[in-house]
Each structure stands twice: as structure tokens, then as C-alpha cells.
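First the structure, in the form of C-alpha cells, and then the observations on it.
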Amino acid sequence: MTVIDITEAWGPLAEPIHSDAAGPTDPVWKDNAYLSFWDIGNEVFGSFHVSTSPNGTGARRARCSISVPGNALEIIEDLPPGSFASESIDFGLSGVISVRHPRLRADLVNTPLFVAADYAVGGVVLELVPGKPLQHFQQACELRGTLMLDGTESPVQARGMRDRTWGFRDESAQWIEYAGLVAVIDDTFITVMKFLGADGTLRSDGFVIDADRSRTISDVTFGRNAAGQFRLARLRDSEGAPGWSRSRHGWPDSSFRWAPTPRDPRLAPMTTLWCWTARTVRALAFSSRASCIGCSDR
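To get our numbering, take the position in the sequence shown, counting from 1, and add 81.
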């Protein structure tokens, strides 16, 4: 598959940066792109996050966080307006990501799985500017390539999640807190977010996507342990039917599992997800009020 083919396959997640979308007197416009990945076999984990803006001077930054066996590194650099390429990090919307840093060299190619989840459709994110909703897409992906961290090379054969966001955005004006979960389980992609808006309302939206269809998640409840770390998430299908909620048995303890559907009829549409060990997490949980809500093995 050529770079052109990969770019076309990414669809809205390859949306070009909007360099002239806002002027000095407009609210801050942000163009963001993100990728998180996990390679269970090689124990390689990481994320890339880039954000640029035509009119937000403090909203231009590139971040790369990498963990390999026995070592980890985080790089944070400024970005220029209209670009996702910093001094060391180049986040290509085509699916090609490269890093050229004194401690890290990376060449990675990400290709899409399934179809994109479109969070603008449900209106879960409140509009900062009326009639101009924030656009946010997420999609499961496969990632292939190599990392060279402090002279040690690590192959990467990972799965993960990539997103693309653009529009007028001001977190403090739009919401008080948000949390989310993404997972790639065999042939299924799960993504869900919950927002506490500045107006005090709670909104949830999400998707369960496989090769055949996309179902909407209407609500999610997050559970945390005593340390505030992610413990579980209960999801409710908008169709109110537990048909897609199936029990998985016999998986190794390192896997992300479904729990059986509860017998209580009031909880019939619910399913429970949890991760058994932090080291082999196959999902990502996140919150606006914590730098990371990791998965706990307790």
C-alpha cells in the first residue's frame, strides 16, 4: 500500500490542517491529532499528540511518549502554526510518523481498521461557536515499524487508536471534566466518552464497531480504585439490547475481557470491561482531571 493509498484510507482522519480558520479576535481554533498504541508481544507502548492553532499562541505543541522494556522517554516540543512537525516529531496525516531525536529514532506506519467513529453526529461536545461544532473522529489502527531508544532497537507490531479533531475549542468554557475509554478486542473497536458540561449536564457517546456494523453506546459508568485509577467501565447500548454483550472465557489473564451480562433485568443492557494487568493493557482510559488513568491489576 502506497502513502497515497494510506492517506485515502484514513478519510476524515487525514483532514488537512485549517491554517486560516480563525483570526486574532476569534475564539481559539485547534487542529489536533493523536495516536496511542500497544504492542503486547514486544512490550512496547506509546502515544503521539500534536496540536496547532492559527490564533492560539499557547496551543501549539507536539508530544511523544514511549515505553520499551527497561526504558521510557517523553519528548515535548513547540509546533509552528499550520504544522504537525516539530523539531524532532513529524506526525504525518498520511499515516507515516517519524521521530529524529538525540535519544529516539522512530519510523512508524499506521493503517486504519474498521470505520471511523464520528463524535460530531451525536452532539456530545457542546459548541463553543453556535453552528460550528467541534469535529472529532476516532479510528482503530494497526502500527508497524521500529523504535531506536538510547541505542536499543525495538520492533513495533501494535494495535491502537488514532484521532483527529478540529474546530473552535476552549475546555474551560465547554466542559468541567471528561473521561473516556478505547479498546481493540479481537475484531471489535470500542470507543466511548463522557462529558460533564459547563452547564452541569452529563453527556455520553460512543461506538462499538466491527467489520459488519457500528452500534452507538448511549451511556458509560466509570469505576476507579482508591488511588483514582481506572478499574472498570459499564457500557449501555443505545438499542437497549444486550445482544452484542457476550461473555468471553478462557483468555489469558493479560487480555481485556468482557464480563457476563448481569442477571438483574434493570442492568440487562450493561456489560463490564476491565483489564487484568497494567503492563499488558490493551486499552486506554483517560480523564481530563488526571494525567493518566491507568488500568489496575487490583
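Cβ atoms here follow ideal geometry from the backbone N, Cα and C, with glycine treated the same way.
| Item | Value |
| --- | --- |
| C-beta contact flag for Ala198 and Thr133 at 7 Å | no |
| Inter-residue Cα distance where the pair is Ala187 and Asp268 | 27 Å |
| Assumed close pair Phe270, Leu207 - CB separation to whole angstroms, cut-off 8 Å | Between Leu207 and Phe270 the Cβ distance is about 25 Å, and since that is not below 8 Å, they are no contact. |
| Straight-line Cα distance separating Arg184 from Asn152 | 11 Å |
| Integer Cβ distance of Ile147 from Gly127, believed to fall under 8 Å | 4 Å |
| The beta strand (DSSP E) enclosing Val273, as first and last residue numbers | 269 to 278 |
| Ser299, enclosing beta strand (DSSP E) - first and last residue | 295 to 305 |
| Secondary structure of Leu185, DSSP reduced to three states | strand |
| Integer-rounded CB distance, given that Asn113 should sit under 8 Å from Thr246 | 4 Å |
| Assigned secondary structure, Glu96 (DSSP; H/G/I helix, E/B strand, else coil) | coil |
| Ser295 versus Val289: straight-line alpha-carbon distance, rounded | 6 Å |
| For Met274, the nearest candidate out of Glu234, Gly204, Gly212 (CA to CA) | Gly204 |
| Range covered by the beta strand (DSSP E) that runs through Tyr115 | 110 to 120 |
| Boundaries (first-last residue) of the beta strand (DSSP E) holding Leu228 | 216 to 230 |
| Start and end residues, beta strand (DSSP E) containing Asp291 | Where Asp291 is concerned, there is no enclosing beta strand (DSSP E), given that its DSSP letter is neither H nor E. |
| Through-space distance from Gly248 to Leu154, alpha-carbon basis | 30 Å |
| Glu124, DSSP secondary structure in three states | coil |
| Arg144, enclosing beta strand (DSSP E) - first and last residue | 142 to 149 |
| Sub-7 Å separation of Gly218 and Leu94 beta-carbons | The identity of residue 218 in the sequence shown is Phe, whereas the question assumes Gly. It is a contact, given that the beta carbons lie within the stated cut-off. |
| Secondary structure of Glu89, DSSP reduced to three states | helix |
| Beta-carbon proximity check, Ser169 vs Leu160, cutoff 7 Å | no |
| Cβ-based burial, Val202 [other Cβ within 10 Å; buried from 16] | exposed |
| Under 7 Å between C-beta atoms of Leu380 and Ala314 | With the chain represented from 82 up to 379, any question about residue 380 goes unanswered, as that position is not in the structure. |
| Whole-angstrom distance between Pro150 and Asp286, CA atom to CA atom | 35 Å |
| Cβ pair Arg243, Gln220 closer than 7 Å | yes |
| Cut-off 7 Å between Cβ atoms - residues of its own chain near Gly92, not counting five sequence neighbours on either side | Ala197 |
| Residues near Thr172 in its chain [Cβ-Cβ closer than 6 Å; skip 5 each side] | A small fix is needed here, since residue 172 is Phe in this sequence, not Thr. Ala114, Phe129, Val131, Phe165, Ile178. |
| Contacting residues, own chain, Cβ-Cβ under 7 Å from Ala292 (five flanking each side not counted) | Phe195, Asp268 |
| Cβ-based neighbour list, Gly304, same chain, cut-off 6 Å, excluding 5 preceding and 5 following | Arg312, Leu313 |
| Inter-residue Cα distance where the pair is Ala307 and Arg284 | 25 Å |
| As assigned by DSSP and simplified to three states, the class of Glu208 | coil |
| Own chain residues within Cβ distance below 7 Å of Asp107, not counting five before or after | Asn136 |
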